[in-house]
Amino acid sequence: MLTRGSFSGSLGLALLAAVALPAAAEERGLTQAEWAQNYDSASTMRVQRSNTPILSPQTLAATEQMIERYRDIVARGGWQPVSGAERLRVGARSPAVVALRQRLITSGDLDPAAGSSPVYDSYVEAGVRRFQARHGLNQTGAMNITTVQAMNVPADVRLRQLELNAVRLRSYSGNLGARYVIVNIPAALVETVEGDHVATRHAAGVGKIDRQSPIMNAKIQEVNFNPYWTVPASIIKKDLIPKMQKEPNYLTDNKIRIFDGDREIPPSQVNWRSDEATRYRFRQDPGVDLNSMGFVRINIPNPHGVYMHDTPAKGIFGDDFRFVSSGCVRVQNVRDYVAWILQGTPQGNPETIEAIIQSGQRVDARPVAPIPVYWTYITAWSTPDGLVQFRDDIYKRDGVGAPSAAMAAAAQAPRNFADEDDGQTN
């Protein structure tokens, strides 16, 4: 397994051994890449995730070292854009592969010994996987528009991102706590940290471009199992009323009840061709499969009114770009997250958590002590093993002009009522 590599030099003895040619192949004039036609050989090559927290002195030091390396790359002319590569994959032969190889070599994702063949072989595939891993993209090993767009961000722009984010990382250089949580919004990622190491890591769904998740510090005070979800007034008007006009059984099917004060009223008594519904309160019953909160809400009191929670829409966690919420953060594998939060409490074991979920009953649980949680905006950093990471500047806070594939994807995404999650819970 390819676990680490030098940024500007060899990717390791294992890779060098893999691309080495038998003498007979050289005598036949084949390039190294063309000789190795085992297209499955790269399928096990992955970038190993570091257990070093994003907010740590080690990450800051590694990022500062990477800045020097990028200054050297920029001084040597950076890298050339890749064109005509959007549909390349293993087995393809194209002049664009030659340029792709050079691009991967320059950024340290492919060893120079892999040659300059126009064949998209297993070593190019491994290099593309490595590049995709460093940019938070699905590691398909095949080229696509988002991968090309990430490759074509100029080296000097990447350098400025590293310099800017070093300043951000430095601002978290104090004591963050013995146990704490990091939400890195551009990476749509949650890390739990204990003993200066990442304990668990979770993909996340974060705020859309027009409903951004805030940068803030808060504390996890409480875990709410099987919460109700109260639909915000804005969603009632913009989403729920039009939905009921088209699907009269929508509320019933999704276990959303209507209340006039404390009195429940049936959907049939509401004039859905008017704004009458905005005068009522809409509350969704607890339920893992339907409730927008899923089975749990993590309560982090803050002036923005946002929180962290489960979701019934688990499919988003497999997407490259997970900017889908109205500002709250949805957490993948939330059972593991909750178990970590509640360590040392009666509810802190998987069996108890599962029993509470299955009961469907409202249960509130508190951690042993409030846990600091940091919602951050880090778009570029490096880990101590020399692996540099970049993410889309989705909210355009860097100001360096990097194009955002995520922004284009998010702008085209259809609006879905089930995606909304900024309602109150109780």
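Throughout the sequence shown, residue numbering follows mature numbering (1 follows the signal peptide of the UniProt record, and there is no 0), covering -25 to -1, 1 to 401 in sequence.
Beta carbons: idealized from backbone N, C-alpha and C, even for Gly.
Since this is a predicted model, take the numbers as computed values, not measurements.
Residue i versus the options, residue with shortest Cα-Cα distance
{"i": "A355", "options": "A108, E138 and Q114", "result": "E138"}
{"i": "R360", "options": "Q77, A37 and I273", "result": "Reading off the sequence, residue 360 comes out as Asp, not Arg. With distances taken between Cα atoms, D360 lies closest to A37."}
{"i": "K221", "options": "Q196, R248, E197 and N199", "result": "R248"}
{"i": "A193", "options": "A74, P347 and V338", "result": "P347"}
{"i": "R232", "options": "S209, T205, T320 and I195", "result": "T205"}
{"i": "D294", "options": "R76, V72, P32 and G111", "result": "G111"}
{"i": "G116", "options": "T122, A130 and E100", "result": "E100"}
{"i": "K213", "options": "E197, S148, D250 and N246", "result": "D250"}
{"i": "S106", "options": "A377, Q364, K371 and D235", "result": "A small correction: the amino acid at residue 106 is Phe; Ser does not occupy that position in the sequence shown. Measuring from the Cα of F106, the nearest candidate turns out to be Q364."}
{"i": "A252", "options": "N127, I240 and E169", "result": "I240"}
{"i": "P278", "options": "M126, V198, P223 and M191", "result": "M191"}
{"i": "G152", "options": "E169, V142, I328 and V158", "result": "E169"}
Helix, strand or coil at residue i [DSSP, three-state]
{"i": "Y155", "result": "strand"}
{"i": "S357", "result": "strand"}
{"i": "R310", "result": "helix"}
{"i": "N140", "result": "helix"}
{"i": "T351", "result": "strand"}
{"i": "S188", "result": "coil"}
{"i": "E251", "result": "helix"}
{"i": "D339", "result": "strand"}
{"i": "Q318", "result": "coil"}
{"i": "S18", "result": "The predicted position of S18 is uncertain, since its pLDDT is 39 and thus under 50; no value can be drawn from it."}
{"i": "I210", "result": "helix"}
{"i": "R62", "result": "coil"}
{"i": "Q244", "result": "helix"}
{"i": "R305", "result": "strand"}
Boundaries of the alpha helix (DSSP H) in which residue i is found, first to last residue
{"i": "Q259", "result": "Unbroken run through Q259 is the beta strand (DSSP E), R256 to Q259; no alpha helix (DSSP H)."}
{"i": "R76", "result": "P70 to T81"}
{"i": "D47", "result": "P32 to A50"}
{"i": "I331", "result": "P325 to S334"}
{"i": "A67", "result": "Run containing A67: none; DSSP gives neither H nor E here."}
{"i": "V123", "result": "I120 to M126"}
{"i": "I29", "result": "Element bounds for I29: n/a, residue is neither H nor E."}
{"i": "I216", "result": "I216 to K221"}
Beta-bridge partners of residue i, as assigned by DSSP
{"i": "I231", "result": "Q259"}
{"i": "I273", "result": "V198 and M283"}
{"i": "E166", "result": "I157 and R176"}
{"i": "W204", "result": "Q259"}
{"i": "S300", "result": "G182"}
{"i": "A193", "result": "V348"}
Distance cut-off 6 Å: residue i Cβ against heavy atoms of the ligand PLP
{"i": "S97", "result": "The ligand PLP is absent from the structure shown, which contains no ligand whatsoever."}
N- and C-terminal bounds of the beta strand (DSSP E) containing residue i
{"i": "S97", "result": "Looking at the DSSP string, S97 is not in any beta strand (DSSP E); the run it does join, the alpha helix (DSSP H), is S97 to R109."}
{"i": "F292", "result": "Note, F292: premise wrong, no beta strand (DSSP E); not H, not E."}
{"i": "Q114", "result": "Neither: Q114 is in no beta strand (DSSP E) and is coded neither H nor E."}
Beta-carbon proximity of residue i to residue j, cut-off 7 Å
{"i": "I120", "j": "E61", "result": "yes"}
{"i": "V304", "j": "R135", "result": "no"}
{"i": "P161", "j": "I316", "result": "no"}
{"i": "S188", "j": "G269", "result": "no"}
{"i": "A74", "j": "V57", "result": "yes"}
{"i": "I29", "j": "I353", "result": "yes"}
{"i": "F292", "j": "A178", "result": "yes"}
Cutoff 7 Å: residue i Cβ touching any chain C Cβ
{"i": "R254", "result": "Looking at the structure shown, chain C is missing, and only one protein chain is on hand."}
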